[in-house]
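Worksheet: one structure, shown below.
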Amino acid sequence: MQPIHYTVSYRASFKPELPDFFIRKYLVEPGKKGSIVLDPFGGRGTTVIQANLHGYSAIHNDLNPVSIFLASARKSIPPLPELIGRLESLDLKKQRFSLTKSETQKLTPFFHPDTLQEILNLRKILLEEKNKDDPELKYIGVTALSRLHGHSDGFFSVYSFPQISILPSAQLKNNRVRGIQPEYRNVKDRILKKMKKDLSVTLPPEFYRASKKNHYTMHDARRLDSIKDGSVNLVVTSPPFLNKVDYLTDNWMRSWFLGFENQDPKLTVTASLSEWSDFMRDSMREIGRVLAPGGRAVIEVGEVDVGGRDENLEESLLKDLPMKVDGGFLRGEELYINLQNFTKLANCWEVKNNLRGTNTNRCLVLLKSRR
Ligand SMILES: C[S@@+](CC[C@H](N)C(=O)[O-])C[C@H]1O[C@@H](n2cnc3c(N)ncnc32)[C@H](O)[C@@H]1O
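Under this note's numbering, the sequence shown has 134 at position 126, and the numbering climbs by one with no breaks.
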């Protein structure tokens with residue numbers, strides 16, 4: 009898969025192979041040129057990038073502003089030599105910031121003081137109003153964001169967790185238990201190395217032609233207000249599962265780095281199957297509205313533990329189908345199950361393979377018909 013997918017990690021993202029499979033099946037193989045792809049729960053932008061790689065323009069929606077940044081920073085990717093030149097021109101030692109009490113508490117468990125000063129200088133540049141839509145700075149920004157914390161020397165932080173920002177108290181404990189302290193990590197060197205890796209495979213011209221026309225929207229998936237009725241040909245998406253992931257807490261350092269720390273985007277997190285079903289019914293109705301007749305929506309869900317019992321979430325979706333939607337009906341057409349022989353996050357949490365967590369991708373395909 010194209011390395012551009014892996015610029016940044018994101019909790020509960022799906023593998024690019026998943027949207028790739030459905031984009032090929034429903035758009036590329038039947039030769040449906042000019043189709044529009046939508047992901048209403050876009051995350052790090054996997055669906056949109058894969059659609060663009062096949063030459064389809066796409067709409068990335070997510071209620072989390074961090075997700076909008078992760079995806080839109082890869083809308084127009086400047087050539088590597090220009091990115092390198094721009095990175096070299098940034099003065100990351102320009103200012104010596106004095107830290108607020110809260111910044112000291114939050115950030116010093118992770119970073120050496122000199123590394124932190126470089127991060128603060130870069131953050132200041134990225135947050136300047138005139139720079140917010142600058143494609144070079146956005147790409148440098150998303151690469152920097154992906155280097156904030158992790159387990160190897162390629163990251164800015166002391167040994168930490170890569171996908172999730174753990175809490176400062178957990179990081180302090182980690183440092184104590186492992187007997188480690190943050191060492192100086194040069195920020196520019198690490199951004200440079202990562203950019204070279206992610207841009208090591210040339211993007212096809214159709215990527216740029218398609219991505220130019222992408223849209224990035226920040227709606228609740230139940231009200232995709234700016235997306236017109238019948239304007240989308242294929243949806244490939246993965247909604248939040250039952251109480252599995254708290255995207256805001258997991259992304260707290262990214263939110264801080266991007267200046268979103270005071271936003272509270274009311275993401276959907278519920279442990280109740282009936283609440284989740286209500287949420288998904290409204291989301292499916294909205295997906296049905298924006299789909300063109302003949303269009304399909306692929307909804308990836310998993311099996312979850314509800315009160316000690318395994319629940320396959322697609323069964324809950326099927327209870328509402330067929331469904332009357334604006335401009336027609338939404339019907340269940342097929343179910344694809346991809347068995348995995350590992351549990352996501354197994355290595356990190358020492359969960360034994362296939363015993364806990366989500367072990368399948370269950371993709372329910374819905375078809376919109378006029379009647
Ligand atoms: C499972 S993740 C999607 C991951 C994505 N497939 C990827 O590959 O990165 C679910 C996403 O739903 C978003 N989300 C949660 N509640 C939402 C809502 N009510 N409306 C829109 N997006 C929401 C979260 O911010 C998260 O990014």
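Don't be surprised by glycine CBs; every beta carbon is placed ideally from N, CA and C.
These figures come from a predicted structure and were not determined experimentally.
Below 7 Å, is the gap between the Cβ of PHE29 and the nearest heavy atom of ligand 3? With respect to ligand 3, the structure offers nothing, as its ligand set consists of ligand 1.
Mind checking whether VAL240 and LEU299 have CB atoms under 8 Å apart? yes
Using CA coordinates, which residue listed in GLU308, GLN189, ILE85 is at the minimum distance from LYS204? ILE85
Tell me, which residues are paired with THR368 by DSSP? LEU347
With THR245 as the anchor, note down where its beta strand (DSSP E) starts and where it stops. 240-245
Throw me the rounded Cβ distance for the THR54 and ASP206 pair, which I believe falls under 8 Å. Going by Cβ atoms, the distance from THR54 to ASP206 rounds to 14 Å, so no, they are not a contact pair.
So if DSSP puts LYS382 in a beta bridge, which residue, or which two residues, is it bridged to? Since the displayed the chain opens at 9 and closes at 379, residue 382 lies outside it and no answer follows.
Drop a sphere of 10 angstroms on the beta-carbon of TYR255, count the other beta-carbons inside from all chains shown, and report buried for 16 or more, exposed for fewer. buried
Chain-ordered list of residues that sit, by beta carbon, closer than 5 Å to a heavy atom of ligand 1: TYR18, ALA20, SER21, PHE22, PHE49, GLY51, ARG52, THR54, ASP70, LEU71, ASN72, SER75, ASP228, ALA229, SER246, PRO248, TYR255, LEU275, THR276
Per DSSP, what are the beta-bridge partners of ALA66 in this structure? VAL45
Alpha helix (DSSP H) segments (min. 4 residues) lying fully within the region 255-317: 255-258, 260-265, 281-298
Return yes when the Cβ of LEU232 is within less than 8 Å of the Cβ of PRO27, no when it is not. no
Since TYR167 sits in a beta bridge, which residues does DSSP pair it with? GLY158
Taking 6 Å as the limit between beta carbons, can you name the residues of its chain near PRO301, skipping five residues before and five after? GLY336, LYS376, ARG378
Using DSSP with H/G/I as helix, E/B as strand and the rest coil, what is LEU145? helix
Could you tell me which residues DSSP puts in a beta bridge with HIS223? ILE67
Ordered along the chain, which non-local residues of its own chain (more than five positions away) have a Cβ less than 8 Å from that of TYR147? ALA81, ARG82, ILE85, PRO86, LEU91, MET203
Buried versus exposed, by CB contacts within 10 Å (16 or more), SER291: buried
When you compare each of ILE76, PHE163, TRP284, LEU130 to LYS327 by their alpha carbons, which one comes out closest? TRP284
State the beta-bridge partners of LYS376 as determined by DSSP. LEU338
For ASN182, which beta-bridge partners are listed by DSSP? None, per the DSSP bridge assignment.
Quick check: the Cα distance between SER110 and VAL195, rounded to an integer number of angstroms? 22 Å
Where the alpha helix (DSSP H) through SER324 begins and ends: 321-326
ARG293 versus PHE118: straight-line alpha-carbon distance, rounded: 44 Å
Cα-Cα, which of ARG104, LEU200, VAL333, HIS227 is closest to SER97? LEU200
CA-to-CA distance, ALA229 to LYS220, given in whole angstroms: 23 Å
Looking only at its own chain, which residues have a Cβ that is under 8 Å from the Cβ of LYS40, when we skip the five neighbours before and after it? TYR34, ASN241
Out of LYS102, PHE249, LEU130, MET9, state which residue places its alpha-carbon closest to the alpha-carbon of VAL314. PHE249
If contact is defined by three or more beta carbon pairs under 8 Å, each pair taking one atom from either stretch, is the region 51-66 in contact with the region 16-25? yes
Count the other CB atoms within 10 Å of the CB of ILE188; is the residue buried (16 or more) or exposed (fewer)? exposed
6 Å CB neighbourhood of LEU353 in its chain, flanking five on each side removed: Because the pLDDT of LEU353 is 42, which lies under 50, any placement of that residue in the model is unreliable, and the number read from its coordinates should be weighed accordingly. There are no such residues.
Helix, strand or coil for GLU136, going by three-state DSSP, please let me know. coil
What number of angstroms, rounded off, separates the C-alpha of LEU343 from the C-alpha of SER65? 26 Å
Are the region 268-279 and the region 316-335 in contact at 8 Å, needing three or more beta carbon pairs? no
I'd like to check one pair, LEU329 with ARG262: are the Cβ atoms closer than 8 Å? no
ILE188 in three-state terms, based on DSSP: coil
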